[in-house]
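Following this line, the structure appears as structure tokens:
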């Protein structure tokens, strides 16, 4: 929320009590970085964490860490590329994202946008 004065904030007190959590991962990350991140973020997660944005391509080891984290926390994978224009969406990225989603659907019970 932006540009709200105090009166408007007070009127939205119920809304402000609700926490929304989104994780946005921008590779490159190595496997050790991701393991450390997922271990630390798991300590502060609440049940309102629902979406993860995967912006870019991952190597086999790092996507394995991300996939395990997504599965464990039952996250929804969002199509970052279609939501924002800050990343040039290449056809190879599209094929990779489709392949990753297909694999995750086969291996898990994930929800995918």
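In the working numbering, the protein residues as written are 1025 to 1137. Positions of the beta carbon are idealized from the N, C-alpha and C atoms, including for glycine. On a predicted model such as this, the values are computed, not experimentally measured, just so you know.
Using the three-state DSSP reduction, which class does residue i fall into: helix, strand or coil?
| i | result |
| --- | --- |
| residue 1049 | strand |
| residue 1126 | helix |
Could you tell me which of the options sits nearest to residue i, measuring between CA atoms?
| i | options | result |
| --- | --- | --- |
| residue 1049 | 1084, 1126, 1097 and 1090 | 1090 |
| residue 1053 | 1100, 1063, 1086 and 1062 | 1086 |
Starting from residue i, follow the alpha helix (DSSP H) in both directions and report where the run begins and ends.
| i | result |
| --- | --- |
| residue 1098 | Segment: none, residue 1098 is in no alpha helix (DSSP H) and carries neither H nor E. |
Report the CB separation of residue i from residue j in whole angstroms; it is logged as a contact under 8 Å.
| i | j | result |
| --- | --- | --- |
| residue 1094 | residue 1076 | 6 Å |
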